[in-house]
């Protein structure tokens, strides 16, 4: 990178930082980003019950986890929270309910009627610490896998991707009409699917189940603890599999009536295992239960608030909020779980933007979009208020899918380059702890 280009980017970042709560961009040098690591617990406040608020003095956004650890050795034995983002917008504080941990380690107890005691065993508390681990929000590319081909582990036009709780990655290998599963290191695990045209796709009395377990342009994959859902653009349907890739059922079928689909693209599952699908050519998003029964429709063609002009991708945060990438209107619309509009993020503020193909939500606070501008594809980041906050990673051929695992690693499918890119937070972890006895006394 040229010095003048670097200076411009640094100035741009500082300008954004001064205007809004910002994120650390991938091109900020590690020597700068590490300034946020010299921190301490400023204050502990009991909120009621066994809820405690911990205030820190971080100078930049960090990703934080919390555990119960043994006193002395600080061996982590119980997870309290995992990978939450703290920034100035949170007042650099986090609230933690310690009730279950206190019961587990006999710091509090229940009487014979199940009522929780108001007193604490300080002798027990002295055996444990509350242990925080944190690191700067500073991404770098550390893994690429896949290349062009038809053999297992190779890819052709990869599209949507998803990550499970173990960090395994499921890839819609669209050009090869299959789904492939990889471990977190990019090693091939298994594949399922082959090409098939759904001959009964247009029948008004059929939901598109001929030639099940085969695909015609699989473009998006969504996961629940028990199932895998795949949307097929070519067959206008969604298929459901168990986690061993055994076919369960299919739903959709070409049409405009409720429950039917026309070129479905991005799909996502919420915390109740409902399936939300971008019904792109019908300019709407539809909600289905886990058995494929229609439940709700939002959108419809239009340019006004809550309307769509070819929605292409969707993401759902841990609170049930829904983010729809509206390609034709070049915006991301945020809905609540009932389909009510919360706010909109215009992508037109990005100079020379041509198109947008993928969306994801990072740690419930940062909205990521795969966009094409200036002849390349970039991963753009936005704050919840819609402020453009910069880019992660570098330049790519076409970001066709974005997945985020439980450790906040970001996976991109580069559909034109036939590869998957992994962006990870630099492992500059720092820890800080406080004895539970001292927490209780606060």
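Residue numbers (our numbering): 56 to 497.
Where a beta carbon is used, it is the ideal one built from N, C-alpha and C, also for glycine.
Just so it is clear, the structure is predicted and the values come from calculations on it, not from any experiment.
Asked                                                                                                                                                                           : Found
Residue 233 to residue 206, Cα distance in whole Å?                                                                                                                             : 11 Å
Tell me which same chain residues have a C-beta within less than 7 Å of the C-beta of residue 281, skipping the five on either side of it?                                      : 297, 298
In this structure, how does DSSP classify residue 361 when only helix, strand and coil are distinguished?                                                                       : coil
Comparing the CB of residue 346 with every heavy atom of the ligand SAH, is any distance shorter than 7 Å?                                                                      : Within the structure as shown, the ligand SAH is missing, as the structure has no ligands at all.
Using a Cβ-Cβ cut-off of 6 Å (strictly less than) and excluding sequence neighbours within five positions of residue 316, which residues of its own chain qualify?              : 291, 307, 334
With DSSP as the reference, label residue 169 as helix, strand or coil.                                                                                                         : coil
Quick one, are the C-beta atoms of residue 428 and residue 403 less than 8 Å apart?                                                                                             : no
Please classify residue 492 as buried or exposed, where buried requires at least 16 other C-beta atoms within 10 Å of its C-beta.                                               : buried
At a cut of 8 Å, does the region 154-174 reach the region 417-426 through at least three beta carbon pairs?                                                                     : no
Using CA coordinates, which residue listed in 446, 357, 133 is at the minimum distance from residue 187?                                                                        : 133
Kindly indicate the opening and closing residues of the beta strand (DSSP E) around residue 156.                                                                                : From DSSP, residue 156 is part of no beta strand (DSSP E) but of the alpha helix (DSSP H) over 154-159.
Exposed or buried, residue 16, counting other C-beta atoms within 10 Å across all chains shown (16 or more means buried)?                                                       : For residue 16 there is no data in the structure shown, the boundaries of the chain being 56 and 497.
According to DSSP, simplified to helix, strand and coil, what is residue 192?                                                                                                   : coil
Using the three-state DSSP reduction, which class does residue 145 fall into: helix, strand or coil?                                                                            : helix
DSSP on residue 271, reduced to helix/strand/coil?                                                                                                                              : coil
Helix, strand or coil for residue 150 per DSSP?                                                                                                                                 : strand
Would residue 441 and residue 400 be called neighbours here (beta carbons separated by less than 8 Å)?                                                                          : yes
Give me whichever residues DSSP pairs with residue 456 in a beta bridge.                                                                                                        : 468
Which ranges does the beta strand (DSSP E) cover as unbroken runs of at least 3 residues, wholly within the region 388-468, from first to last along the chain?                 : 396-401, 408-417, 421-428, 431-438, 443-451, 454-459
Tell me whether the region 452-472 and the region 123-133 touch, counting them as touching only if at least three CB pairs, one residue from each stretch, are closer than 8 Å. : no
For residue 228, which of helix, strand or coil comes out of DSSP?                                                                                                              : strand
Can you look up residue 293 in the DSSP assignment and give me helix, strand or coil?                                                                                           : strand
Report the three-state DSSP secondary structure of residue 483 (helix, strand or coil).                                                                                         : coil
Rounded to a whole number of angstroms, what is the C-alpha to C-alpha distance between residue 488 and residue 113?                                                            : 15 Å
Going by DSSP, what residues sit across from residue 334 in a beta bridge?                                                                                                      : 319, 339
Are there 16 or more other CB atoms within 10 angstroms of the CB of residue 484, so buried, or fewer, so exposed?                                                              : exposed
Residue 474 by DSSP, collapsed to three states: which one?                                                                                                                      : strand
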